[in-house]
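So that you can map any letter, position 285 of the sequence shown is 498 in this note's numbering, and since no number is skipped, the others follow by simple counting.
C-beta atoms are modelled at their ideal positions from N, C-alpha and C, and glycine is treated no differently.
Every value quoted in this text rests on a predicted model; they were computed, and no experiment measured them.
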Amino acid sequence: MISAFYFFVFLSLIPSSFGDLAESLPWHKKVPENQNDLRIIQSHLQTLLPACEKAVVAIEVNDGAGSGVIISEDGLVLTAAHVIGKSGRKLSVRLADGTKASAVSLGGSEISDAGMIKITGPGPWPYTKIAPSGSTSIGDWCFALGHPGGFDKKRGIIVRVGRVIAQKDETMQTDSRLLGGDSGGPLFDFDGNVIAIHSRISRAPDENYHVPVDSFHANWDFFKNQKLLTLDDLVKGGFLGLSCEEYEASGLLVTKIVEETPAEKSGLLKDDILLSLNGEKLDTREELTILVSSMNAGDLIVLEYLRNGKLLSSKIKLGNRPK
């Protein structure tokens with residue numbers, strides 16, 4: 214029996230029985246073609262929920278609450294940076310059955326709002342899989358789980374179904390309605406994989422924002438082993454002086470070079486495609502920001518990039534961020 218509230222209203226109006234599964238899976242279609250597609254989607258969601266719900270936790274801290282999802286047997290939890298606040302913080306988590314365990318905050322980034330915590334009690338803990346980078350597309354079906362308002366065993370975990378509306382850099386937008394307390398909870402695809410973590414909510418039903426798992430994959434070791442990167446850290450770190458966006462193939466497309474900065478002095482140009490920094494592959498803006506901000510003004514970096522299909526490399530001395 215599933216203890217959850219469905220905001221996807223029409224699902225509750227459809228009979229539970231259905232015929233043979235169509236050759237093209239209904240949850241992979243952009244638009245359900247008939248009532249049978251809806252029955253199959255409903256049944257498939259009901260099949261996925263028990264395992265997914267077991268991995269969702271309510272996170273309890275002194276000054277608030279949030280949600281998270283366990284993604285390893287030893288208790289590694291993905292959540293939002295604003296839920297953990299800082300590294301080394303003692304927390305408590307509650308599983309769906311009410312089990313309470315101690316945890317500690319690890320790292321993350323306020324740039325994307327990605328965060329990690331670790332359950333300190335002995336495992337094994339129920340966990341779920343995370344999707345690989347680049348596996349989610351606009352229009353994909355998804356469902357959000359979380360503990361809005363805090364843990365409530367009688368009510369259970371809240372479930373909302375929706376679609377991916379937009380993706381850009383460190384943000385995914387869906388119409389899976391989020392509420393206060395959902396922050397840090399998981400967004401799943403219809404294969405039962407975590408594709409994002411809830412970050413920001415809005416009064417508009419289609420303005421729900423999440424951190425894609427791509428951000429976690431790209432900075433896994435940093436998030437797990439270093440302190441939380443705050444916006445204040447960006448001011449203290451090195452400065453390069455350019456704007457960029459994720460390139461459709463790989464790398465970062467330079468969209469602007471700031472005058473009188475290390476980037477301009479090095480000869481970098483608009484439309485160059487940044488590939489790596491000190492041998493570290495660049496796939497997200499957050500990766501570049503973390504690498505640069507973790508160094509100091511005066512440090513030398515080696516930046517590899519493409520210009521008109523030609524591979525180039527420049528040594529650049531980082532500067533101070535303008536006040």
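The beta-carbon separation of G334 and E286, rounded to 13 Å, does not stay under the 8 Å limit for a contact.
Pairing S412 with G480 gives a Cβ-Cβ distance that is not under 8 Å.
The alpha-carbon separation between Y518 and L465 amounts to approximately 9 Å.
For the pair S506 and D434, the CB atoms are not nearer than the 8 Å cut-off.
Boundaries of the alpha helix (DSSP H) harbouring Q248: Q248 to K267, taken from the DSSP string. Around the C-beta of V374, 16 or more other C-beta atoms lie within 10 Å, and the residue is accordingly described as buried. The beta strand (DSSP E) runs lying completely inside the stretch 385 to 450 and spanning 3 residues or more are 399 to 402, 407 to 413 and 421 to 425, given in chain order. Its chain contains V448 and F452 as the residues whose beta carbon lies nearer than 6 Å to that of R534, once the 5 sequence neighbours on both sides are disregarded; these appear in chain order.
In this chain, A462 is not harboured by any beta strand (DSSP E), its DSSP state being neither H nor E. Within the model, the alpha-carbon separation for E473 versus I529 is close to 13 Å. Annotation: the continuous alpha helix (DSSP H) that includes L504 extends over R498 to S506.
Proximity to D402 across L289, R368, T384 and L358 peaks at L358, based on C-alpha coordinates.
When the five nearest sequence neighbours on each side are left out, the beta carbons in the same chain lying within less than 7 Å of the beta carbon of S389 are those of C355, F356, A357, R373, V374, G375, L400 and N421, in order along the chain. Across the set G328, S350, L304 and S456, the C-alpha of L304 shows the shortest separation from the C-alpha of V317. If you keep only unbroken beta strand (DSSP E) runs of at least 3 residues inside the stretch 331 to 390, you get 354 to 359, 371 to 381 and 384 to 387. In this structure the stretch 298 to 315 does not lie against the stretch 245 to 259, because fewer than three pairs of beta carbons, one per stretch, are closer than 8 Å. By the criterion of a C-beta distance shorter than 6 Å, Q380 is surrounded by no residue of its chain, once the five residues flanking it on both sides are discounted. Between E477 and E383, the CB-CB gap reaches or exceeds 8 Å. Inclusion of A327 and V407 in the CB contact set at 8 Å is not warranted, their separation being larger than that value. Under a 10 Å Cβ-count criterion, Q386 is classified as buried, with 16 or more other Cβ atoms of the shown protein chains found around its own Cβ.
In the pairwise beta carbon analysis, the stretch 481 to 488 is classified as not touching the stretch 435 to 443: fewer than three pairs are separated by under 8 Å. A straight-line Cα-Cα distance of about 14 Å links H430 and V290.
In this structure, the beta-carbon distance from S280 to G398 falls below 8 Å. Using a 10 angstroms sphere on the CB of H241, the tally of other CB atoms stays under 16, which defines it as exposed. Look at K530 here: in three-state DSSP terms it is strand. Residue L487 holds the alpha-carbon nearest to the alpha-carbon of N521 among A309, L487 and D496.
Straight-line spacing of the CA atoms in L525 and D395 works out to 45 Å. CA-to-CA, the gap between G362 and E266 works out to about 17 Å. Per DSSP, the continuous alpha helix (DSSP H) segment holding K478 begins and ends at P475 to K478. I283 and K331 have their C-alpha atoms some 9 Å from each other. Judged by DSSP secondary structure, I297 falls within the alpha helix (DSSP H) whose first and last residues are A294 to I297.
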